[in-house]
Structures are given as C-alpha cells and as structure tokens.
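If you want our numbering, it's the position in the sequence shown, counting the first as 1, plus 18.
Yeah, the Cβ is synthetic: ideal placement off N, Cα and C, and Gly gets one too.
These numbers come from a predicted model, not from an experiment.
Following: one structure in structure tokens, then a few remarks.
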Amino acid sequence: SREHLAHVARLSTMGEMAAGIAHEINQPLAALGTYLAVLRARLAGPDDRPASPASEIVMRAEEQLSRCSAIMQKFREFGGVEGFKPASVRLCDLVDDAVALSLVRERDPGLRLSVVHSEEPIVVFVDITQLKLVIINLLQNAVDASVARPGRHVEIETTVTDASWAKVAVRDRGDGIPASVRERLFQPFMTTKPGGTGTGLAVCRMIVEASGGRIWHEPSKGGGACFGFS
Ligand code: ADP
19 SREHLAHVAR LSTMGEMAAG IAHEINQPLA ALGTYLAVLR ARLAGPDDRP ASPASEIVMR
79 AEEQLSRCSA IMQKFREFGG VEGFKPASVR LCDLVDDAVA LSLVRERDPG LRLSVVHSEE
139 PIVVFVDITQ LKLVIINLLQ NAVDASVARP GRHVEIETTV TDASWAKVAV RDRGDGIPAS
199 VRERLFQPFM TTKPGGTGTG LAVCRMIVEA SGGRIWHEPS KGGGACFGFS
C-alpha cells in the first residue's frame with residue numbers, strides 16, 4: 019500500500035541520515051582518539067613508569083571514546099551509503115553467510131551452534147547486507163546470553179509461517195529476558211551489558227520493518243530467549 023511504501027521510505031531515509039551523521043562524527047572522534055593517545059604517551063614518560071592518576075583519566079576518556087565509535091559503527095553499517103537495496107536470495111544462503119561472517123564458530127569453539135534449515139526452499143527479497151547484520155546482531159546477543167552456561171547451545175532455524183512468511187528464529191539457553199527490560203528491548207541505547215551500546219536490537223528492528231517485516235521476542239523452550247523475525 020502507499021502508506022506502507024511511505025513508511026519504508028521514511029525508515030530508509032532515517033537509515034541514510036543516521037549513516038551520514040555517523041560518518042561526519044567519526045572524523046572528530048578519530049582526531050580525539052589521536053590526541054588522547056599522544057597525551058597518554060606524554061604522561062607515561064620515557065621509562066614506562068606506572069600509570070599516574072592523570073594517565074588513568076586519559077585511559078577512561080579513551081574507553082568512552084571507543085564506546086562512541088562502537089555506536090557510530092553500528093549506525094554506519096545499518097544505513098550504508100546506498101540505502102535500502104533489495105534482491106532475491108535463498109534464505110539458507112543468507113543465514114549461512116551471516117553465521118560465517120559473525121565468526122562465532124572461530125571465536126567461541128566451545129559453543130554448540132546448530133543451524134536448522136527448512137526443507138522447503140525459501141527465497142526472500144530483502145536488502146541482503148542489512149539482513150545479515152540483523153542475524154549477526156541476534157546471534158551475538160544469543161552468544162552473550164549463553165556465556166558462563168555449561169552446555170552452551172545456540173540454535174538458528176529457518177521456517178515458513180502459516181501466512182507464508184519466511185521466518186528466522188535465534189534461540190539461546192541463557193537466562194532469558196529480565197521482566198524489567200522486556201518492554202524496552204528494542205529501544206535505542208537500552209543495554210544491560212557493561213560494555214554494551216544498546217543499539218543492536220534497535221537497528222535490527224529498523225531494518226526488519228524497512229523490509230516490511232516484524233521482529234519479536236518470546237521465551238525459548240529450553241529457558242533462554244528466542245528472537246524471531248519474518
Ligand atoms: P547490547 O547487546 O549492546 O546491550 P542490544 O540492543 O542488542 O544491545 O540488546 C539490548 C539488551 O537486550 C541487552 O543488553 C540485553 O539485556 C537484552 N538481550 C538481548 N538479547 C538477549 C538474549 N538473547 N538473552 C537475554 N537478554 C538479551
């Protein structure tokens with residue numbers, strides 16, 4: 019419908035704007051990073067003395083700066099410069115590529131990662147890069163939630179819903195979503211992680227909705243969380 023198209027156009031313009039702002043802000047951030055590195059080197063002196071209180075403050079500033087950069091990076095990935103560019107792709111290939119790109123298997127060999135594809139071939143018409151980003155984000159959250167769990171297991175499943183929508187589910191066996199954050203999950207900058215940016219799910223929702231789909235959360239059978247989008 020025309021309303022839906024307007025919605026998609028608005029979301030992709032927002033994405034482009036976000037990417038544009040992120041690009042502009044990245045330059046002063048990079049300059050700041052350089053100044054701080056120089057300052058830290060000067061404070062350390064020639065003999066690598068233990069950190070002075072001043073250099074500790076510089077280190078804190080550098081930590082905050084990399085937090086800013088991480089947030090900006092997410093928005094740049096999301097908006098891309100070209101905006102929303104859909105193409106046909108087999109869902110199983112899209113998911114397999116995203117899993118490979120996430121490097122989860124390489125970075126965490128102890129994690130059991132199952133990818134279960136629908137027997138029916140599913141072809142979707144989506145912005146491939148952006149949808150991969152959604153899967154990578156959900157996968158990373160599932161891995162984060164599984165940390166410190168014996169028998170860590172994350173499962174990705176592709177299916178077709180009753181209404182003939184393609185669906186991807188990412189399940190983990192972590193602690194699930196705390197009731198206190200359930201309502202605010204997809205809000206930007208909502209995070210419970212010490213180094214988190216809280217942009218992952220917000221970006222996922224923008225991308226999925228821009229493709230005309232929806233994204234949701236439900237408790238997973240084995241405890242833990244399940245994020246689905248279609
Ligand atoms: P970040 O990962 O940087 O915190 P997200 O937007 O991706 O940002 O996630 C927001 C919050 O949602 C997380 O901090 C966490 O509290 C919660 N969350 C997301 N995925 C899961 C999951 N699979 N299990 C438990 N909590 C989750």
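Return the chain-ordered list of same chain residues with a C-beta closer than 6 Å to the C-beta of residue i, the five sequence neighbours on each side being excluded.
| i | result |
| --- | --- |
| Cys244 | Ala187, Arg189, Glu236 and Ser238 |
| Glu74 | none |
| Val99 | Residue confidence is low: Val99 scores 44 on pLDDT, short of 50, so the model does not pin down where it sits. Its coordinate-derived value is still stated next. If we look at Val99 and ignore the five residues flanking it on each side, it has no Cβ neighbours. |
| Leu54 | Val76, Ala79 and Glu80 |
Would you mind reading off the limits of the alpha helix (DSSP H) that contains residue i?
| i | result |
| --- | --- |
| Lys211 | Neither: Lys211 is in no alpha helix (DSSP H) and is coded neither H nor E. |
| Thr147 | Ile146 to Ser164 |
| Gly230 | No alpha helix (DSSP H) contains Gly230, which DSSP labels as neither H nor E. |
Closer than 8 Å by C-beta to residue i: which residues in its own chain qualify, once you throw out the five before and the five after it? Chain order, please.
| i | result |
| --- | --- |
| Glu137 | none |
| Asp114 | Val133 |
| Trp234 | Phe245, Gly246 and Phe247 |
How far does the beta strand (DSSP E) with residue i in it reach, from first residue to last?
| i | result |
| --- | --- |
| Gly246 | Ala243 to Phe247 |
| Arg108 | Ala105 to Arg108 |
Who are the near neighbours of residue i in its chain, counting only those whose CB is closer than 7 Å to its CB and skipping five residues on each side?
| i | result |
| --- | --- |
| His41 | Arg94 |
| Ala62 | Ser73 |
| Val152 | Cys222, Ile225, Val226 and Phe247 |
**Report entry** Every unbroken beta strand (DSSP E) within the segment 118-147, with a cutoff of 3 residues, ordered by chain
**Finding:** 130-134 and 141-144
Requested in this report: Could you tell me whether the segment 122-132 touches the segment 84-95, where touching means 3 or more Cβ pairs closer than 8 Å?
Outcome: no
**Report entry** Any beta strand (DSSP E) of 3 or more consecutive residues that is wholly inside the segment 169-213
**Finding:** 171-178 and 184-189
Report task. Evaluate contact between the segment 203-210 and the segment 163-170, counting only Cβ atoms and requiring at least three cross-stretch pairs below 8 Å. Result -> Result no; under three Cβ-Cβ pairs closer than 8 Å.
Report task. Please go through the segment 35-84 and give each complete alpha helix (DSSP H) segment of 4 or more residues, from N-terminal end onward. Result -> Taking only runs of at least 4 residues, no alpha helix (DSSP H) segment lies wholly in the segment 35-84.
Query raised in the report: Does the pairing of the segment 214-229 with the segment 116-124 give three or more beta-carbon distances under 8 Å?
Result: The segment 214-229 vs the segment 116-124: no contact.
Report task. Evaluate the contact criterion for the segment 75-87 versus the segment 40-54: three or more CB pairs, one atom per stretch, below 8 Å. Result -> yes
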